[in-house]
Amino acid sequence: MEIYLDNAATTEVYPEVVALMTEIMRNDYGNPSSMHRKGVEAERYLKTAAAQIAAVLKTEEKNIYFTSGGTESNNWALKGAAFANRRAGMHIITTPIEHAAVSEPLRYLEGQGFEITKVPVDCTGTVNPEDIKNAVRGDTILVSVMAVNNEIGSVQPVAEIGHAIKEANPRTLFHVDAIQAFAKLPICPSRDKIDMLSASGHKIHGPKGSGILYIGKGVKIDPLILGGGQQKGYRSGTDNVPGAAGMALAAQMMAGRMQENRDHMMMLRERLIKNLSEMENVVIHGQTLPEGAPHIVNASFCGVRSEVLLHSLEEKEIYVSSGSACSSHKRAGSPTLTACGCSKAEMESSVRFSFCETTRPEDIDQTAEAIGELLPLLRKYSRH
Amino acid sequence: MFHAFLIKYSEIGIKGKNRYLFEDALIEQIKRALARVEGEFTVSKESGRIFALAQGDYDFEGAVDALCRVFGISGICPVVILDDEGLEALGREVNNYITEVYQGKPMTFKILTRRARKSYPVNSMDVNAQIGAMVLFEHPELSVNVVDPEVYIHIEIRNRIYLYSEEIKGLGGLPLGTGGRAMLLLSGGIDSPVAGYMISRRGIGIDAVYFHAPPYTSERAKQKVVDLAKIVSQYTGKMKLHVINFTDIQLAIYDKCPHDELTIIMRRYMMRIAEHLAKEEGDLALITGESIGQVASQTMQSLSCTNAVCSLPVFRPLIAFDKQDIVEISQKIDTYETSILPFEDCCTIFVAKHPVTKPDLLRIEKSETKLEGAIEALVETAIMDHEVLEIDG
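Residue numbers (the working numbering), protein chains in the order written: chain A, 2 to 385; chain B, 1249 to 1641.
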């Protein structure tokens, strides 16, 4: 039976979500912007979806905007807030371990004249809120920090960072890329002083092409996509009703059993780390137990190139990731592992395992066993 | 504004009695290329010229682009076809043509008339002179130069009148289907697609063989080769892509042979397998993208060691090319962007730090004897189990 341990790349869609989306696509396919009954029906799905997402974030539904996914949400938050607030300052703070959907828009903004400061992380991939606080200046308009790192699963102290930022400069906006955390870990924007938060549908058993941006009250942000004025003019384009409804249902289902999912996956994580730690020349990255996201384990199997181990496991129908799926076709070393101070040998041999609530302890044991068998053989035929 | 293309071909003209075979093959390829273009076309041969006539509206850019991928075409002339309404009317049409195409640009010209319909009342020389005078009157920015003009205005008088002056350079070479088929050793790199393209340009159909080594090479690396084969087949026509699982052979070589000879011995097995497949397909030669001295396995000594296992001729069209020249061709034929995608192929995964650059054939053959008894079955399995993909770009 196949063992899918690449849930940080994407997840299997819940059957309930597929059923709901099928129903919407086949019967309630109206455009919420239409005046007639078909449109009103469709709009009702959107409202429900916003309410479901808002409930997960413990906020009001008017703060939820639907997007095409995490990348769009991040682009919108960063570019939209930077350009809307450029008169107040041109300084933006981030970390070196952000996903490309944050680091690339910021690189673009740098080209547009903004100044970007990257606050370093420690060897576990964690940023210190004090360091962020010290970096905030009078002209700092925005800070962007991810909630959970997608490669090594390090959890950032977003609540402390949020409070630290507001202490240093109450006008500075705080954006959190919560794509690996949403509906998996408790996050509350109003409590944690988060002004904007990005989440994605397909990481939580929802559909691809769905995402949200939470925008807090009074946050000054320009729209990224202009057109027919949907979503109060902030995000134009015909509303993706099945996508929004599907993501929201998935979020509601995940959040409803957040604690038990966390406990289950934390048990899997402990189990895998324990298994791997017994092998020779294996380095586990990220925060040590019990810290760290429950669903991600990243390890280097020194002397075996990541892709080779990945494809060897693939032959046994075990699916893992070498680096993050979005960046594995780039040759450059992972920015996250680089920032954590990993050696080149560690980076070339790093593999990510990521779980979901249906991953079974047997899956973990079988995977560890397969790796244990493969390692001696793969190390024998390694490159000179 | 153009209604047709006059297709020029150079080398076919010298093929003596076989000429019609080459022309028919070229017409076949032109039809195949235009079949994918928006519009209806008829392709015909008329007194030593090939015309592609558009019936009604069509995609001009698309048609030119398609014709620019057909081997055997030296030039493509967009033609305006006119009804014969007398010399005065023809003069007006020529003037309109010049206005549209050259838009008041000063230049020298010459009218070149060809009277295929001899019943036309004015002879070629007089058409030249009279139309030339009308053009000069209407276009003061032009001047005549009969020795070395910048532009020749061609007027061909048939049942209708054909007018053209521009020639778009074609690929040259010979039409596909006139020279048999050959087997290309296709890797994911820059060189081998170019090598296949160059040999195919001489009218040769291509099949290809790719060696992959899972789990050391990925499904993506294979997909990249399929993508490359698709691009190449836009020029070379339908091809069979043979995919050989080479892992066990490679591991056996790694286990038994000196590591600095790995690449050479591996390549010798690739050539043996490629030749076997070529013979099964009825292909008459092998093609590789090798270039002298580019890497250790492509020194003259290495090439003669790999060559020694083949009885079919091995064509290496890039043998004297610099890398930069190869890159330029790959950019021109559009394989470059795909070739540089960073997936490892089986030639690089086990490469030694210091491979032999001047291998000795006797020593290599001696090393290979260590494989005897095991390798034969592995080769046989690799050939038996190989996958064949039909590629049609």
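Glycine included, every Cβ here is placed at the ideal spot set by N, Cα and C. Quick caveat, the model's predicted, so the values are computed rather than measured.
Only E308, V309, H312, S313 from the region 295-313 of chain A bring a Cβ to less than 7 Å from some Cβ of chain B.
For B:P1326, DSSP records a beta bridge to B:F1253. For the alpha helix (DSSP H) assignment, the uninterrupted runs of no fewer than 4 residues enclosed by the region 179-264 of chain A are, from N- to C-terminal side, 190-193, 242-257. Contacts between B:L1476 and chain A, judged by CB atoms closer than 8 Å, are missing: the closest CB pair is about 16 Å apart.
Using a Cβ-Cβ cut-off of 9 Å, B:P1607 is close to nothing in chain A; its nearest Cβ partner there is about 17 Å away. Ranking A:E363, A:E99, A:I297 by CA distance to the CA of A:I4 puts A:E363 first. Annotated three-state conformation of B:M1518 is helix, per DSSP. When Cβ-Cβ separations below 8 Å define contact, B:S1552 makes no contact with chain A.
Proximity of the region 1439-1446 of chain B to the region 1580-1591 of chain B meets the contact definition, three or more beta-carbon pairs being nearer than 8 Å. Straight across, the Cα-Cα distance linking B:E1336 with B:G1427 is about 49 Å.
Among the CB atoms of chain B, one or more fall inside 8 Å of the CB of A:E316.
In the DSSP assignment, A:I65 is bridged to A:Y215.
Put simply, the backbone Cα of A:A346 is about 17 Å away from that of B:F1598. Around the Cβ of B:F1385, a 10 Å sphere holds fewer than 16 other Cβ atoms; the residue is exposed. Between A:E99 and A:D178 the beta-carbon gap is near 7 Å, inside 8 Å, which marks them as a contact.
Not one beta carbon of chain A lies nearer than 8 Å to the beta carbon of B:P1354. An exposed status is given to A:K275, since fewer than 16 other beta-carbon atoms sit within 10 Å of its beta-carbon. Per DSSP, the continuous alpha helix (DSSP H) segment holding A:H312 begins and ends at 307-316.
The continuous alpha helix (DSSP H) containing A:A136 extends over residues 130-136. Around A:A51, the same chain offers E62, I65 as residues with beta carbons nearer than 6 Å, after the five sequence neighbours per side are excluded. In this structure, DSSP gives A:E152 a state outside helix and strand, which the three-state scheme calls coil. Annotation: B:T1465 to B:A1252 spans about 48 Å, alpha carbon to alpha carbon. Within chain A, no residue has its CB atom less than 8 Å from the CB of B:L1626, the nearest being about 15 Å off.
In terms of Cβ geometry, B:L1360 and B:I1401 form a close pair [threshold 8 Å]. Annotation: A:G70 is outside any alpha helix (DSSP H) and is labelled neither H nor E by DSSP.
According to the DSSP assignment, B:I1346 belongs to the alpha helix (DSSP H) that extends over 1334-1350. Per the coordinates, the alpha-carbon of A:G373 lies some 18 Å from the alpha-carbon of A:S355. The region 163-181 of chain A makes contact with the region 130-137 of chain A: 3 or more CB pairs, one atom from each, lie closer than 8 Å.
Of all residues in the region 1501-1512 of chain B, only Y1502, H1507 place a beta-carbon less than 8 Å from a beta-carbon of chain A. Comparing C-alpha distances from A:K381 to each of A:G334, A:S322, A:R306, A:L338 shows the shortest one belongs to A:R306. Beta-bridge partners of B:R1406 (DSSP): none assigned.
Put simply, the backbone Cα of B:D1508 is about 6 Å away from that of B:A1600.
A distance below 6 Å between beta-carbons, with the five flanking residues on each side excluded, links A:I117 to the following residues of its chain, in chain order: I93, L107, E111. In the DSSP assignment, A:H164 falls within the alpha helix (DSSP H) that extends over 159-169.
Residue A:S201 holds the alpha-carbon nearest to the alpha-carbon of A:A10 among A:P97, A:I142, A:V144, A:S201.
Here the alpha carbons of A:A101 and A:T359 stand approximately 28 Å from one another.
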